[in-house]
Structures are given as structure tokens and as C-alpha cells.
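Data first, discussion second: the structure below is written as C-alpha cells.
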Amino acid sequence: MLLLHRAVVSALRQACRFRPPPSRLCIQACSTNESFQPQHPSLNFSGDNSSTRGWRIMGALLGFGTALAYHDHRCRASQESPPLYTKEEVYSHRSPETGIWVTLGCEVFDVTEFVELHPGGPSKLMLAAGGPLEPFWALYAIHNQPHVYELLTQYKIGELKPEDSAPPTLEISDPYAHDPMRHPALNVNSQRPFNAEPPPELLTENYITPNPIFFTRNHLPVPNLDPDTYRLHIVGPPGGQSLSLSLCDLYKFPKHEVTVTLQCAGNRRSEMTQVKEVRGLEWRTGAISTARWAGARLCDVLAQAGHQLSENEAHVCFEGLDSDPTGTAYGASIPLARAMDPEAEVLLAYEMNGQPLPRDHGFPVRVVVPGVVGARHVKWLGRVSVEPEESYSHWQRRDYKGFSPSVDWDTVDFDSAPSIQELPIQSAITEPRDGETIESGEVIVKGYAWSGGGRAVIRVDVSLDGGLTWHAADLDGEKQPPRKAWAWRLWQLQASVPAGQKELNIVCKAVDDSYNVQPDTVAPIWNLRGVLSNAWHRVHVHVTS
Numbered sequence: 001m002l003l004l005h006r007a008v009v010s011a012l013r014q015a016c017r018f019r020p021p022p023s024r025l026c027i028q029a030c031s032t033n034e035s036f037q038p039q040h041p042s043l044n045f046s047g048d049n050s051s052t053r054g055w056r057i058m059g060a061l062l063g064f065g066t067a068l069a070y071h072d073h074r075c076r077a078s079q080e081s082p083p084l085y086t087k088e089e090v091y092s093h094r095s096p097e098t099g100i101w102v103t104l105g106c107e108v109f110d111v112t113e114f115v116e117l118h119p120g121g122p123s124k125l126m127l128a129a130g131g132p133l134e135p136f137w138a139l140y141a142i143h144n145q146p147h148v149y150e151l152l153t154q155y156k157i158g159e160l161k162p163e164d165s166a167p168p169t170l171e172i173s174d175p176y177a178h179d180p181m182r183h184p185a186l187n188v189n190s191q192r193p194f195n196a197e198p199p200p201e202l203l204t205e206n207y208i209t210p211n212p213i214f215f216t217r218n219h220l221p222v223p224n225l226d227p228d229t230y231r232l233h234i235v236g237p238p239g240g241q242s243l244s245l246s247l248c249d250l251y252k253f254p255k256h257e258v259t260v261t262l263q264c265a266g267n268r269r270s271e272m273t274q275v276k277e278v279r280g281l282e283w284r285t286g287a288i289s290t291a292r293w294a295g296a297r298l299c300d301v302l303a304q305a306g307h308q309l310s311e312n313e314a315h316v317c318f319e320g321l322d323s324d325p326t327g328t329a330y331g332a333s334i335p336l337a338r339a340m341d342p343e344a345e346v347l348l349a350y351e352m353n354g355q356p357l358p359r360d361h362g363f364p365v366r367v368v369v370p371g372v373v374g375a376r377h378v379k380w381l382g383r384v385s386v387e388p389e390e391s392y393s394h395w396q397r398r399d400y401k402g403f404s405p406s407v408d409w410d411t412v413d414f415d416s417a418p419s420i421q422e423l424p425i426q427s428a429i430t431e432p433r434d435g436e437t438i439e440s441g442e443v444i445v446k447g448y449a450w451s452g453g454g455r456a457v458i459r460v461d462v463s464l465d466g467g468l469t470w471h472a473a474d475l476d477g478e479k480q481p482p483r484k485a486w487a488w489r490l491w492q493l494q495a496s497v498p499a500g501q502k503e504l505n506i507v508c509k510a511v512d513d514s515y516n517v518q519p520d521t522v523a524p525i526w527n528l529r530g531v532l533s534n535a536w537h538r539v540h541v542h543v544t545s
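Quick note on UniProt numbering: the sequence shown kicks off at 1 and runs consecutively.
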């Protein structure tokens, strides 16, 4: 009995030497047996049947030691030897019935339960079913973030066998290999696809933004189109005629020019992130720029195809020639009433500031919709049609919509909100920059202001003390007709710095001709996509004596 006791205690000591497993994988692997709930038996041998009871306790101890040893073995096995699979085994799991497996590097993941939750839609994730994620992640650099890897780790089931674990080569299929060169002054928010904004101090140096530093918003790789073979397809109405227009054909329409400010719906998103996390690129104040655009009026082209205003609701749908691996193109739409209105000045633009469109900005033809969010200004335009409903594009139906601060990704219903068209009143400070140190005496504050829908900016108020007192800034820019103020106003304030002041809390807010004014704080307008960020813009600067 004593010998048995010593043997069990020795076994227990060895079995209990394991430490709590450090990895999530080990914890999951070691907790699959829900019936394993070790108890702690008493070592009291007194009283009747003590010998029998002692043997039972020794058996329990021995069983407990064995269980602990097995538990330790499973943890070590999960840490040291994950299950190994061949590429053929992974490839055989590419449907809900077999399970949906993917690989990243040498790791294997079962993402069956995640497919329906994928933010880009199930169809996008199913493209990688049974194979590597790399070729598809190369399209969307937003995947290369820690929280995405952390989410994927939850679905890891093993690794590829060594002979199958060589990473896929991307050189021959890199969709971004032929993107154009960009200006080095741009502040890059993502490389693939390319998204960048000009530095604030350059943004308002000129009323017309130079082409090389015009903000760039791409959703997909930039197509390399041949202007000689380019064709724009205009789908005609029943009884009308469809058109296939070359660039030379577009040049035959009356040329129209208009100065228009384009602003991304996510401009100033970074300020919403400071309130609560949002999904999207961290645009600061530079996702806005102004150019002189030239091209054919959309209403003239639609009329030649036989389209006219309808009593029923209708939408003009645009489809770009940029696309993902499935051939899905970027798309958007605007109401037919706006498209057919000559006063709305919607263009099929082929020139930007007197030059052919740069590739990043839609060469050879893009849509320009004055007063409307940049997401509807479809670049590399390939197809135009008139439909009874708005575009079914992901970017029209499942993005670029605003929601209450109470809505999160578990409760959002994109069908419940209209697509953003006209944008609200906006202004921002471009000089001085936040955190800058300025000289005492006088301060010069510069910035821009703009409102959607052709509403003119009539005033910009600037405060040096966080909003306690205000000064009206001087406005600059082209004179624009009423209800057709498509371009921004640049503004400037020269003011004295109060004596002895060591810091300034500079604030700006704009007012348009409908007396819309910016909200004072971000929190009440926060939304899960970080769009429509137009609260008072604030800059804190230090003052030297």
C-alpha cells in the first residue's frame, strides 16, 4: 500500500508539472472533453472499510494522474504538432457541404462559419475557397491589419504539409503591378488599392488643385486603357438606340467646362476614430480637391440615345472598367432627373485642368457629378444605363450610407438608409497645423469650405479660444451662380494673438446659403463607417513669446 501510494504521488508530481498553456489553440484543443472535471478526493483512511476505501482513493488518484498526464500530452501535441494537410485536402473543402477551407502562408483555416459574416459579402470569400487567400488579399490591403489576422486565427485547424507550404507567387498575377507613378508629396493612406491625400498646407495653396496632388480614391487596381480602342457603351431605352462611343465620338458633342470640388464621403474620418473605432481609411482633412473639368454633358449623350425624363422613378447607373478577380466592376448611380438636367452640369469628362485625365483620375473618361459625393463620380467609365432602381453595386447598396451612433455592425441594415448623394456643409483648417508652434503677435489661419448640392458658402467663422468668441474669415474663390456653387471657397483670417497667451484652440465652422451649419462635436454624428464627418474642425497650437 505504501509503495503504491509513493508510485501514485510520484506520478502525480510528474503529471502536474505542466504549466497553463499559453496559446489559444492549446486551450481550445485541451478543452474539448467537457466531462474532464477533476475532483479532489479526501485522504482520510479511518473508520470501517478503510482498506477498501483506500484502494478506491488510490485508484482515483491514479486515474487523476493519468488524466492530467493525458491533458499535458494533448497540450504539448497541439503546440508542437498541429494537424497537417495537403493542398489536395484543402482543395476538397470548398463548399458549405464539405466545409470551406482556405490557407494563408503555411496555415490552414476552416472559415465555413465566417463566410456569411464576411464584410465584403460571401461571394468574395468564396473566391478563395479551397485555396490561398494571398492573391485576393493583394487586392485589398485593408486585410493586412492585426485585427484581421486575430479574427482569422480563431478558425485555424492546422498547417500545410512541408512539401505543400511554399507561398503562392504573386508576381504573375499582381493586379497593382502596372499602377501609375504618384507624387511623393501625397500622404498615402493605402497602397493597394492606392488612396492618398495632399498635405494640408499644399491643399489650399491654389484654388485649383494641381493634378499631381489631387486626392486619389481608388477601390480597385487602375486599369491601363488604350484610348484608340476605348469604347463607352450607352444602353438605349426600348425603341431607342444603344451607342458605342469612341473618344472621337465624345469630342463631337458640345464641350462643356465646369469647376467642381470632389470630396470623399470619408473625409475627416480620422476624427470619428478618436471617438470610437470605425471601419475605413483614416482620411484626415485632405480627401477633397478642386479641378476644372471638361467633357460632354451627360444629358446630351443620353438624349442622343433616346432617353428622356420619366414620370416614374429612374436612375442612371454607371459601371467602371476597373474590376476585381470575379470581373465585378466598380459601380454607382444618380437619379435620372439630375442626369437629364442641363443645369446640373453632369459631365462625361475627358479633361482635367486642361489636360487629358490622369490614369488615377479616370483616363480616358469619368463621370463628374457636381455637388455630389465623390463615390458617384465613376472613373474609367465603360457603361451607362437607365434603370428603374439604383445601381446594385456594393458601393451603392452596402456602403456610403449614414447611420445613427447607436447602430453597430451587428444591427446595421443597409437597406434602411438612402445612399449618400449631396454632402453636408464642410470646412477645415489647413494652416497652422495641429500641434504647431507659432510666434506671438499675429496668426494667419487658412482653410477651405464647401457644401453639397450647389449650396454656396456664405460665411466661415473662426475662433481662437475654442468657440468662446468668433471672427468672420475672408472668403476667396470664383464667383458662382446661385444654386450652382459647385466649388469650394478658400478662406483666411489674420488675427492678433492675445497678449500672454501660451496656446490657442483654433476652431472653424462654415454656413451655406440655406443656413446649414456644422455641428459642434463629432460624437452625435459618429457612425460605424465614419462618413459625413463635418463637425467643427479644431487645431491646437502653441505660442512662443
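Beta carbons: idealized from backbone N, C-alpha and C, even for Gly.
Quick caveat, the model's predicted, so the values are computed rather than measured.
Item	Value
Quick check: what's the CA-CA separation for Val-372 versus Ser-92?	47 Å
Classify Lys-502 as helix, strand or coil using the three-state DSSP reduction.	coil
Where DSSP assigns a beta bridge to Ala-196, which residues make up the other side?	Val-188 and Thr-216
Suppose you measure from the CA of Ser-419 to the CA of Phe-403; what does that come to, to the nearest Å?	11 Å
Measure the C-alpha to C-alpha separation of Pro-370 and Ala-449 and round it to an integer number of angstroms.	15 Å
Can you check whether the CB of Arg-397 is closer than 8 Å to the CB of Leu-347?	no
Can you name, in chain order, every residue of its own chain whose Cβ lies under 8 Å from the Cβ of Asn-187, other than the five neighbours on each side?	Ala-196, Glu-197, Pro-198, Pro-199, Arg-284 and Gly-286
Any idea what DSSP makes of Gln-355, helix, strand or coil?	strand
Kindly indicate the opening and closing residues of the alpha helix (DSSP H) around Tyr-149.	146-153
Per DSSP, which residues does Phe-253 bridge with? Please list them.	DSSP output for Phe-253 lists no bridge partner at all.
Look at the alpha carbon of Glu-439 and the alpha carbon of His-540, and state the distance between them as a whole number of angstroms.	14 Å
My parser needs the beta strand (DSSP E) runs of 3 or more residues fully inside the segment 301-382; what are they?	315-323, 329-335, 347-352 and 366-368
Please report the distance separating the alpha-carbon of Met-126 from that of Asn-206.	47 Å
To the nearest whole angstrom, what separates the beta carbons of Val-278 and Ile-234, a pair I think is in contact under 8 Å?	Their Cβ separation, rounded to whole angstroms, is 37 Å, which puts Val-278 and Ile-234 out of contact at 8 Å.
Among the residues of its own chain, which have a CB less than 8 Å from the CB of Ser-165, if the five just before and after it don't count?	Gly-105, Cys-106 and Glu-159
When you compare the CB of Leu-504 with every CB in chain C, is at least one pair closer than 8 Å?	Absence of chain C from the displayed structure is noted, only one protein chain being present.
Nearest-angstrom Cα distance between Val-462 and Trp-536?	10 Å
Tell me which residue opens and which closes the beta strand (DSSP E) that His-233 is part of.	232-234
Quick one: grab the DSSP three-state call for Gln-396.	helix
Whole angstroms is fine: what's the gap from Ser-35's alpha carbon to Asp-110's?	For Ser-35, the predicted structure reports a pLDDT of 33, less than 50, and the residue's modelled location is therefore unreliable. A value from the coordinates is still provided. In a straight line, the C-alpha of Ser-35 is about 26 Å away from that of Asp-110.
Buried or exposed: which applies to Cys-248, given that a residue is buried once 16 or more other Cβ atoms fall within 10 Å of its Cβ?	exposed
On a Cα-Cα basis, can you pick out the residue from Glu-343, Ser-393 and Ile-100 that is closest to Glu-116?	Ile-100
From Ile-525 to Asn-267, what distance separates their C-alpha atoms?	14 Å
Does DSSP put Tyr-91 in a helix, in a strand, or in coil?	helix
Can you find the residues in the same chain that come closer than 6 Å, C-beta to C-beta, to His-143, ignoring five residues on each side of it along the sequence?	Trp-137
Quick one: residues in its chain with C-beta nearer than 7 Å to the C-beta of Ser-416, no 5 flanking neighbours on either side, listed in chain order?	none
According to the neighbour-count rule (16 or more other Cβ atoms, all chains shown, within 10 Å of its Cβ), is Asn-527 buried or exposed?	buried
By DSSP, does Trp-409 sit in helix, in strand, or in coil?	coil
Could you give the distance in angstroms between the alpha-carbon of Arg-94 and the alpha-carbon of Leu-321?	29 Å
If Asn-543 and Leu-493 are in contact, beta carbons under 8 Å, what's the gap, nearest whole angstrom?	The amino acid occupying residue 543 in the given sequence is Val; Asn does not appear at that position. About 16 Å separates the two Cβ atoms, so there is no contact after all.
Quick check on the DSSP output: the beta strand (DSSP E) that includes Glu-442 runs from which residue to which?	442-450
For Val-539, name the three-state secondary structure that DSSP assigns.	strand
Roughly how many angstroms separate the alpha carbons of His-118 and Val-460, rounded to a whole number?	43 Å
Indicate whether the contact test is met: 3 or more Cβ pairs, each with one atom in the segment 315-332 and one in the segment 473-483, closer than 8 Å.	no
Buried or exposed for Arg-231, going by 16 or more other Cβ atoms inside 10 Å?	exposed
Could you tell me whether the segment 421-430 touches the segment 506-517, where touching means 3 or more Cβ pairs closer than 8 Å?	yes
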